[in-house]
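*Asks:*
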Amino acid sequence: MYLSINKIFVDYDSRERVLTDSQNPIFSWSVHSDEDGGYQSSYKITVTGRNGTVWESGEVYDERQRAIYSGEELVSGETYTLTVTVTDNRGATSEPKSAKFCYLAPRKWVAKRITAQEESDDAALYFFRGFTLDEKPLRATIYSS
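Written out as structure tokens, the structure is:
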């Protein structure tokens, strides 16, 4: 295999699970060639969500390592898997590489302020917010800033 994908970026972020508020996130990736003169001649992107595939780019003949999502409308709070495969100028196809991203609609970034229970000059502040759930969750994600 001549070409491999090093990293995948969603909106220029390569963390393990990217948060984006864009309905059309920008996907980009970096590649490495084992041989001199090797370069990407095409790519294929697939984005899947909880209910299956939401976008397939098809084979795109382009040396640029960048694409803009143009599939189904993303659902706020949903985690998606982005999978990229590239083909080099000799016709060899790379192993697929995946990354996860979560779409969070801008209007969902609203929350009540959490305040410290006690103010003290000589102690570190900690913040606490308790809540009760009716059922055991399948998974949980905390968004904080």
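Numbers given in my numbering equal positions in the sequence shown, counted from 1, plus 58.
From the three backbone atoms N, C-alpha and C, an ideal C-beta is built for every residue, glycine too.
Keep in mind it's a predicted model, so treat the numbers as computed, not measured.
1) Work out the CA separation of Gly96 and Leu49 for me, nearest whole Å.
2) Please list, in chain order, all residues of the same chain as Ser88 whose beta carbon is under 6 Å from its beta carbon, the five residues on each side excluded.
3) Taking the alpha-carbon positions, what's the Glu114 to Asp69 distance?
4) Whose C-beta lies closer than 7 Å to the C-beta of Tyr127 among residues of the same chain, with five residues either side of it excluded?
5) How is the beta strand (DSSP E) around Ala157 delimited, first residue to last?
6) According to DSSP, is Arg165 helix, strand or coil?
7) Among Asn147, Glu193, Leu77, which one has its Cα closest to the Cα of Ser91?
8) Should Leu196 go down as buried or exposed, given a rule of 16 or more other Cβ atoms within 10 Å for buried?
9) Got a sec, what are the start and stop residues for the beta strand (DSSP E) Ala198 sits in?
10) Excluding five sequence neighbours on each side, which residues of the same chain lie with their C-beta closer than 7 Å to the C-beta of Gly129?
11) Does Ala150 come out as helix, strand or coil in the three-state DSSP assignment?
12) Where Ser134 and Ile200 are concerned, what is the direct C-alpha to C-alpha distance, given to the nearest angstrom?
13) State the DSSP-derived secondary structure class of Val133, mapped to helix, strand or coil.
14) In the DSSP output, which residue or residues are listed as bridge partners for Tyr60?
*Replies:* In short, the structure shows the following:
1) Residue 49 lies beyond the residue range present for the chain, which begins at 59 and ends at 203; the question has no answer from this structure.
2) Position 30 of the sequence shown holds residue 88. Only Asn64, Lys65 meet the Cβ criterion.
3) In the sequence shown, counting from the first residue as 1, residue 114 sits at position 56. In the sequence shown, counting from the first residue as 1, residue 69 sits at position 11. Straight across, the Cα-Cα distance linking Glu114 with Asp69 is about 18 Å.
4) Within the sequence shown, residue 127 is the residue found at index 69, counting from 1. So the list reads Asn82, Pro83, Phe85, Val105, Trp113, once near-sequence residues are dropped.
5) Counting from 1 along the sequence shown, the entry for residue 157 is found at position 99. Here the beta strand (DSSP E) through Ala157 covers 155-161.
6) Taking the first residue of the sequence shown as 1, we reach residue 165 at position 107. Helix, per DSSP.
7) Your numbering for residue 91 matches position 33 in the sequence shown. It is Asn147 whose Cα lies nearest to the Cα of Ser91.
8) Residue 196 sits at position 138 when you count from the first residue of the sequence shown. Exposed is the call here.
9) The count along the sequence shown starts at 1 and reaches residue 198 at position 140. Run containing Ala198: none; DSSP gives neither H nor E here.
10) By 1-based counting over the sequence shown, the position of residue 129 is 71. Correct list, in chain order: Val105, Val112, Trp113.
11) Numbered from its first residue, the sequence shown carries residue 150 at position 92. The answer is coil: DSSP assigns Ala150 none of H, G, I, E or B.
12) Residue numbering aside, residue 134 sits at position 76 when the sequence shown is read from its first letter. Residue numbering aside, residue 200 sits at position 142 when the sequence shown is read from its first letter. In a straight line, the C-alpha of Ser134 is about 14 Å away from that of Ile200.
13) Taking the first residue of the sequence shown as 1, we reach residue 133 at position 75. Coil.
14) One-based indexing of the sequence shown puts residue 60 at position 2. Answer by DSSP bridge pairing: none, since Tyr60 is not bridged.
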